[in-house]
Each structure stands twice: as C-alpha cells, then as structure tokens.
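To convert, note that position 66 of the sequence shown is 902 in the numbering used here; the numbers rise steadily by one, no gaps.
Only one structure is covered here, and it is reproduced in the block below.
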Amino acid sequence: MPIEMTVATVAGAVAGDRSGGLQLDGFCYRDGRLVVEDVPVEEIADAVGTPVYIYSTAAVTRAFERMRRAFAPLNAQLHYAVKSSPNLHLCRLIRELGGRMDVVSIGELERAWLAGTPMADIVFAGVAKTEDEVRAALDGRFSPLAGRAEAFGREDLLTRGPVGLFNVESAAELERIAMLAEQVGVPARACLRVNPDVDARTHEYTTTGLEENKFGIYADQVPGLFDLYRDHPAVELAGLQVHIGSPVREVQPYVETVKVLLGLLDRLEAAGHRPSVLDLGGGWGVDYSEGESSTPEDYAAQIVPLLAERANNGLEILLEPGRSIIGNAGVLITRVQYLKQGRKKRFVICDAGMHTLIRPALYRAFHFLWPVRPPAQHLAPSRFERPDLPGLVECDVVGPICETGDFLARSRPLPEMGQGDLLAVFSAGAYGVSMASNYNDHGRPPEVLVDGAKATVIAERQHLADLLETERSPRTLTTPASEADRE
Ligand code: LLP
C-alpha cells in the first residue's frame, strides 16, 4: 500500500503566485522555495531522501483533460503509454480519469491490469512479443502473476479474457499470434502497425516511422496481409496502428502519416475489408524549454479535419500519449554532494545521474534545472537554457556514475550552489524512473505523488537487499561428467 506522509501545508496559495517566473501546472516557487501543489519539495526530500521523483496529481489531470478535449471531436480514446512512467498508482490515477492503456511487454500489461484496466481496454504493442507474452495476453492462466495476483487485490486473473488489441509489427508476429490463439482457443483482435516511411524529425534513436527502422509493416504489404487473414478463425484484423517517433514536436509528420493511413483505408475497403480502428500512437511533444513544441490543440487543429468524416461514420480513433500526459507532471530532486572547481569547468556533483535520468546522456536531451531554494535575486525564471539573470555560474551538473557521459546538464548557467543544496530537474515525469537502472549498484529512486497538501510515497527506494536477492542462492544447472561418474 502507498504510504501517506505528513508534511507541512502552505496555506491558501495557488500555483504561480508570488513565483514571479516559472509557470508550470502543479509546480511553482512560493516564498522563495519550490512547492509541488501545496507541498514544499524540501519536506519530501527530508522525509524520503534524494534522489526522488515527485509528481503532481493536478498536472497529470490537466494534461490528460487537455489531450482529451483537443481530440474530443474524433471521440478519440486515450491509451496511456505505460512505458513513459509505469508506477501502478499513476496508472490508477490515469485510469480514474478515463484513460485506457498501451503496453509493450507482459510486465507492463500486468501493471495496467493490476491498476484496474479491463483487458479489453489494453492495446499490446512491441516488436518482439514472445510466445509466453502472447499466451498471457490471451488467457490469464498463462500470466506470470498466476497464483500471485491476489496479493495485489485482483481475484479474477483466470477469467480476465484477452487483451483488447494486439498491435502487430511483422508478418511473422501475426503468424505467431494466430498459431497461439488457435492453440489456446481464444480469438485475438489485432491492428497492423504501419511503417509509413515518414520522418518524425526527432532524435535518430527515437525515430520509428522510417523504412530503415525496425518497426511496423510497410504500407504496400498491409493489404496482402489483410487478404491472407480474411475470415481467419483465430485472428480478426480490426484496423491500423502507427507510431512515428517521440517526441514529435511538429504537426506536419502526423499529417503526412494520416494521409498514408487514409490511402490504406481506402485500399482495404475497396478490397472488401471493413477496418474499424485507427490508432495514431504517441509521440505528442511537450515543452522542455518554453514554447519549443506544438500543443495538443496544434496537433488536433490539423488532424481532426482529416479524420472527422470517418470518425463520424464509426471509425474508432485511438491515441497512445505518454509524455504529453506525464512529462511535465514530474520533477526529479537531487542533492548536491560536492562542488569541484576544475581547471576548465566547474562541476556540481549530485546524487542523481544517468542511472536516475538517462535522457541527457542518451539523447543529449535538455532538462531545465534550478535550485529548490535559489538566492532571492535568482527566482526561477521560465525554463530557458540561458536565463537572462546576472551572476549565474556556468556548470556541468554531473552524477556519481563512473562514466564521463554521466551528466544532467553541460555548460549550464546556474545560481551559485552549495554543498547539500537541492536541485530540481524539471519535466522529468516521462522516461525518468522508467529508464532508471541499477548501474553501479544504486537502488532505484522512490516516487511521491502529491495531491493538494497530501504527499504519498507510491514507490519506496529500492533497498540494496532487494538488489542482491536474485544472486543470493546459486543453483547448479549442469554437473560435469567427471563428477557425475563419481556419484
Ligand atoms: N506508442 C508506442 C508504440 C510507442 O513506442 C511509444 C513510445 C508511445 C506510444 C508513447 O510515446 P510518447 O507519447 O510518450 O512520446 N525514451 C525516449 C522516448 C521513447 C519512446 C518510445 N515509444 C525519451 O526519453 O524521449
């Protein structure tokens, strides 16, 4: 069960007041220090230590509602991309807001289900679904949680039914799903993930819709597969899915993609198929710095007109947003351990690093950093990389990991920091904790969810004993022949 913490409440203030600067849903500077809704960050850090991820319920709620409102004319269903921030309690919150779930592994699928999502509301993507994963997605008897789901409050594992949709990435995967659906005796519903060969103009590691990427099925191969599986007894091909990359800050790549999909729908219908689902995937950008990304309204303004008629005629539209729901709803808080004045650079050495938040190291991603209690003349500005304030000091903000690539920011102007100070890493809600690792034997950080004046620990810091558990008891798999003879 999550543990509620008692923390002091700052009475009566609303996000943004007296901040004189940074305006983010759920986060502001109040009386000179960072608060999440009504809870001072310092009190959370004192209670659970650092590094720690903190999320705002209000920010999640507003971001979800904003996406929903923007795409309401298409009656789009929002399937939260669990990979972006998979905590059970965040999934539960999004579920309560009306979210469905998008998963890419059996682990994520079980989380989504434990968070209360009916199987029918889950779409299952991923390029390498194993036989075990497909079986478990079809029938709870094969779940890795068999015999253990009750501990998480679910008694209905055996009767939960199959996943709502498989998003299928290759002809070979479709063949496997068909074979297993027949074997298990549970029909599967699937969309084909289309590779539209559209450039999402994002980092090359997170571009997924180009021909050279491993994802999806080329558009010209899609009709043939629909023909092949027409009237198949175990698989129903319900429609098309696509995901071109993440984050996709511009609208144009989506527009090009939707046009490819519309052409395909026409072709399929002309061949007598009745596709009823169109899943546009995720990738919807958010601002890490001010004004850098298109907004939900920008995307919708160009996509809705392209699909409105088909949606009115019953085409079901799905979206798989992750970052746009949770990205700006979370901060990472780290404590400065040492300051080091090098000959060429000044280093701020923190207890968070690439093991806590890998995005800067992996993609050179920008995250705005600012002290939790900055000097009075350095109240948090907006999230610009180089704020126009006097007396900032250029620093490399680095972590404890034994790699030079272990940094949160490079050459970043910051207020003068002191040993023991807290530093906030903004926009860390998506792909923060979900990509954290145990590298150098660090436990994964705790997570705290704030709702008004209430702060709840929704994940404990991983204990060293848990890290060591899988190595505690070696077991012999093979016995050398010489020893076997002697026995
Ligand atoms: N649907 C599919 C099939 C996906 O592969 C993804 C993300 C999403 C939805 C959600 O995308 P979102 O709305 O969150 O952008 N680690 C990278 C991002 C990798 C995204 C992987 N797939 C990062 O930190 O930027």
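Idealized CB from N, CA, C, for every residue including glycine.
Exercise. Does the Cβ of D957 lie closer than 7 Å to at least one heavy atom of the ligand LLP?
Worked result: Position 121 of the sequence shown holds residue 957. No - the ligand LLP has no heavy atom lying nearer than 7 Å to the Cβ of D957.
Exercise. The alpha helix (DSSP H) with M1015 in it runs from where to where?
Worked result: By one-based count along the sequence shown, residue 1015 stands at place 179. Segment 1007-1020, the alpha helix (DSSP H) holding M1015.
Exercise. Where E1018 and K1095 are concerned, what is the direct C-alpha to C-alpha distance, given to the nearest angstrom?
Worked result: Taking the first residue of the sequence shown as 1, we reach residue 1018 at position 182. Taking the first residue of the sequence shown as 1, we reach residue 1095 at position 259. So the alpha carbons of these two residues sit roughly 35 Å apart.
Exercise. For chain B, is any of its Cβ atoms less than 8 Å away from the one on G952?
Worked result: Of the protein chains in this structure there is only one, and it is not chain B.
For this session: Using 7 Å as the cut-off, classify the Cβ of D938 as near or not near the heavy atoms of the ligand LLP, replying yes or no.
Result: Here residue 938 is taken as the residue at index 102 of the sequence shown, counted from 1. Answer for D938: yes, Cβ within range of the ligand LLP.
Problem set entry | Whole runs of the beta strand (DSSP E) within the segment 1097-1151, excluding any shorter than 3 residues | Counting whole runs of 3 or more residues, the segment 1097-1151 contains the beta strand (DSSP E) stretches 1113-1115.
For this session: Look up D1035 in the DSSP assignment and say whether it is helix, strand or coil.
Result: Translated into positions along the sequence shown, residue 1035 becomes position 199. DSSP places D1035 in the coil class of the three-state scheme, outside both helix and strand.
Problem set entry | Span separating the alpha-carbon of A1289 from that of E1283 | On the sequence shown, position 453 is the one that residue 1289 refers to. On the sequence shown, position 447 is the one that residue 1283 refers to. Whole-angstrom Cα-Cα distance: 16 Å.
Exercise. Which first and last residues belong to the beta strand (DSSP E) in which C927 is found?
Worked result: Taking the sequence shown and counting its residues from 1, the one referred to as residue 927 is at position 91. Unbroken run through C927 is the alpha helix (DSSP H), 924-932; no beta strand (DSSP E).
Exercise. Residues near the ligand LLP, CB to any non-hydrogen atom under 7 Å, in chain order?
Worked result: Around the ligand LLP, the residues whose beta-carbon falls short of 7 Å from at least one of its heavy atoms are A917, K919, S920, D938, V940, A961, N1003, T1042, T1044, H1079, S1082, P1083, G1117, G1118, G1119, W1120, E1156, P1157, G1158, R1159, S1160, R1195, Y1199, A1201, A1266, Y1267, M1271, given in chain order.
For this session: Could you tell me how far apart the beta carbons of S979 and L1001 are, in whole angstroms, since I believe they sit closer than 8 Å?
Result: As a working mapping, residue 979 is identified with position 143 in the sequence shown. As a working mapping, residue 1001 is identified with position 165 in the sequence shown. Not really, about 18 Å apart at Cβ, beyond 8 Å.
Exercise. Among all the DSSP beta bridges, which residues are the ones paired with L1155?
Worked result: Walking along the sequence shown from the start, residue 1155 turns up at place 319. L1155 is bridged to L914.
For this session: Check the C-beta distance from A1272 over to R1280 and give it rounded, since I have them as a contact under 8 Å.
Result: Mapped onto the sequence shown, residue 1272 falls at position 436. Mapped onto the sequence shown, residue 1280 falls at position 444. In this structure, A1272 and R1280 form a Cβ contact; the two beta carbons are roughly 5 Å apart against a cut-off of 8 Å.
Exercise. Under three-state DSSP, which class holds A1245?
Worked result: Taking the sequence shown and counting its residues from 1, one reaches residue 1245 at position 409. Judged by DSSP in its simplified three-state form, A1245 adopts strand.
Problem set entry | Helix, strand or coil at V877 [DSSP, three-state] | Start at 1 with the first residue of the sequence shown, and residue 877 comes out as number 41. V877: helix per DSSP, three-state reduction.
Problem set entry | Nearest-angstrom Cα separation, counted from A1260 out to G868 | Numbered from 1 along the sequence shown, position 32 holds the residue referred to as residue 868. Numbered from 1 along the sequence shown, position 424 holds the residue referred to as residue 1260. For G868 and A1260, the distance between alpha carbons rounds to 14 Å.
Exercise. What do you reckon, are the CB atoms on G1045 and D1056 nearer than 8 Å?
Worked result: Counting from one through the sequence shown, the residue named residue 1045 turns up at place 209. Counting from one through the sequence shown, the residue named residue 1056 turns up at place 220. No, the Cβ-Cβ distance between G1045 and D1056 is not below 8 Å.
For this session: Provide the residue span of the alpha helix (DSSP H) that contains I1059, from first to last.
Result: Numbered from its first residue, the sequence shown carries residue 1059 at position 223. Strictly speaking, residue 1059 in this sequence is Pro, with Ile absent from that position. Run containing P1059: 1058-1064, per the alpha helix (DSSP H) assignment.
Exercise. Who are D975's beta bridge partners in DSSP?
Worked result: In the sequence shown, residue 975 corresponds to position 139, counting from 1. Under DSSP, no beta-bridge partner is assigned to D975.
Problem set entry | Three-state class that DSSP yields for A844 in the structure shown | For this step, residue 844 is matched to residue 8 along the sequence shown. Only weak support exists for where A844 lies, its pLDDT of 41 falling under 50; the value from the coordinates is given anyway. Correct three-state label for A844: coil.
Problem set entry | Inter-stretch contact at 8 Å, needing at least 3 Cβ pairs: the segment 1153-1162 / the segment 909-929 | In the pairwise beta carbon analysis, the segment 1153-1162 is classified as touching the segment 909-929: at least three pairs are separated by under 8 Å.
Problem set entry | Where N1049 sits in the DSSP three-state scheme | Sequence index remark: in the sequence shown, residue 1049 carries index 213 (1-based). If DSSP states are grouped into helix, strand and coil, N1049 belongs with coil.
For this session: Name the two residues that bound the continuous beta strand (DSSP E) containing A1295.
Result: Here residue 1295 corresponds to residue number 459 of the sequence shown, with the count starting at 1. If you look at A1295, you'll find it in the beta strand (DSSP E) that goes 1290-1295.
Exercise. Can you tell me the Cα-Cα spacing of G880 and R996, whole angstroms?
Worked result: Locating residue 880 in the sequence shown gives position 44, counting from the first residue. Locating residue 996 in the sequence shown gives position 160, counting from the first residue. Sequence check: residue 880 is Ile here, not Gly. CA-CA distance, I880 to R996, rounds to 38 Å.
Exercise. In terms of residue numbering, what span does the alpha helix (DSSP H) encompassing E1252 cover?
Worked result: Along the sequence shown, read from residue 1 onward, the residue named residue 1252 stands at position 416. Taken as a continuous stretch (DSSP letters only), E1252 belongs to no alpha helix (DSSP H), as it is neither H nor E.
Problem set entry | Cβ neighbour criterion (16 or more within 10 Å) applied to V877 | For this step, residue 877 is matched to residue 41 along the sequence shown. Its Cβ being crowded by 16 or more others within 10 Å, V877 is buried.
Problem set entry | Which of helix, strand or coil DSSP assigns to N1003 | In the sequence shown, residue 1003 corresponds to position 167, counting from 1. Strand at N1003.
Exercise. V1071 and L1028 look like a contact to me (Cβ under 8 Å); what is the Cβ gap, rounded to whole Å?
Worked result: In the sequence shown, residue 1071 corresponds to position 235, counting from 1. In the sequence shown, residue 1028 corresponds to position 192, counting from 1. With 8 Å as the limit, V1071 and L1028 do not qualify as a contact, their Cβ atoms being about 11 Å apart.
Problem set entry | Best match in Y1054, T1038, F988 for proximity to Q1077 [C-alpha to C-alpha] | Here residue 1077 is taken as the residue at index 241 of the sequence shown, counted from 1. Ranking the options by Cα distance to Q1077, first place goes to Y1054.
For this session: Taking E1126 as the reference, give the member of L945, R1222, V1140, Y1041 with the closest Cα.
Result: Along the sequence shown, one-based indexing puts residue 1126 at 290. When C-alpha distances from E1126 are compared across L945, R1222, V1140, Y1041, the shortest belongs to R1222.
For this session: My understanding is that P1111 touches G1075, with C-beta atoms under 8 Å, so please give their C-beta distance in whole angstroms.
Result: Indexing the sequence shown from 1 puts residue 1111 at position 275. Indexing the sequence shown from 1 puts residue 1075 at position 239. Confirmed, Cβ separation roughly 4 Å.
Exercise. So, using beta-carbon positions, are E1005 and G1052 closer together than 8 Å?
Worked result: Position 169 of the sequence shown, counted from the start, is the residue given in the question as residue 1005. Position 216 of the sequence shown, counted from the start, is the residue given in the question as residue 1052. For E1005 and G1052, yes; Cβs fall inside 8 Å.
Exercise. Do you know offhand how far K1050's Cα is from Y1041's?
Worked result: Taking the first residue of the sequence shown as position 1, residue 1050 is located at position 214. Taking the first residue of the sequence shown as position 1, residue 1041 is located at position 205. In this model, K1050 and Y1041 are separated by some 11 Å (Cα to Cα).
For this session: With distances taken Cα to Cα, identify the nearest neighbour of H1214 among L1228, L1300, F1220, Y1199.
Result: Sequence index remark: in the sequence shown, residue 1214 carries index 378 (1-based). Answer by Cα proximity: L1228.
Exercise. Helix, strand or coil: which one does DSSP assign to Y1090?
Worked result: Indexing the sequence shown from 1 puts residue 1090 at position 254. Looking at Y1090 - three-state DSSP - the assignment turns out to be helix.
Problem set entry | Cβ separation of D938 and V959, assumed to be a contact under 8 Å, to the nearest whole Å | Residue numbering aside, residue 938 sits at position 102 when the sequence shown is read from its first letter. Residue numbering aside, residue 959 sits at position 123 when the sequence shown is read from its first letter. Going by Cβ atoms, the distance from D938 to V959 rounds to 5 Å, so yes, they are a contact pair.
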